[in-house]
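Each step along the sequence shown adds one to the number in the numbering used here, with nothing skipped, and position 1 is 84.
Glycine included, every Cβ here is placed at the ideal spot set by N, Cα and C.
Take a look at the structure set out below.
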Amino acid sequence: MVAFAVSENFEVTNPERMAAYSKANGPLLTKHGGKVIGRGPGRPVEGDWAPKGLVIIQFDSMEALENWYNSPEYQELVKERQASSRGQMTFIDGA
Numbered sequence: 084m085v086a087f088a089v090s091e092n093f094e095v096t097n098p099e100r101m102a103a104y105s106k107a108n109g110p111l112l113t114k115h116g117g118k119v120i121g122r123g124p125g126r127p128v129e130g131d132w133a134p135k136g137l138v139i140i141q142f143d144s145m146e147a148l149e150n151w152y153n154s155p156e157y158q159e160l161v162k163e164r165q166a167s168s169r170g171q172m173t174f175i176d177g178a
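Have a look at this one:
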C-alpha cells in the first residue's frame, strides 16, 4: 500500500540552504522510490490552517518511506532542512 510523507513549512529561514536541501534530496527520493506529488502554499478552505508551504511525497510503501527517512544520507539532509526552515512532517498510509 502506498504511503505519504507530508511536510508543512511555516517559514523558510534560509532560502539558499533550503534550495541546496531540495536539490540534494531529489536523487535520494528517486533512489527510494519517492515522488513529489504536491507542492505549494495550499489554499485554505476551512479553519485557520494557512501553511506557507506544503510538500506531499508518495512512496510505494511505508517501509520504503521509512527507509528513505532513516537512511544515513537523509539524516544528514534533515539537519539542513531544520536549519533552513521551521515546519513539521508526518507520515500517513494511503487509502
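| Check | Outcome |
| --- | --- |
| Residue 90 - containing beta strand (DSSP E), residue span | 86-95 |
| Cβ shell of residue 175 (< 6 Å), same chain only, five flanking positions each side left out | 87 |
| Whole-Å CB distance - residue 91 paired with residue 170, under 8 Å assumed | 5 Å |
| Limits of the beta strand (DSSP E) - the one that residue 130 falls within | Element bounds for residue 130: n/a, residue is neither H nor E. |
| Cα-Cα separation between residue 119 and residue 138, rounded to whole angstroms | 7 Å |
| Beta-carbon proximity list for residue 121, same chain, < 8 Å, skipping 5 on both sides | 137, 138 and 139 |
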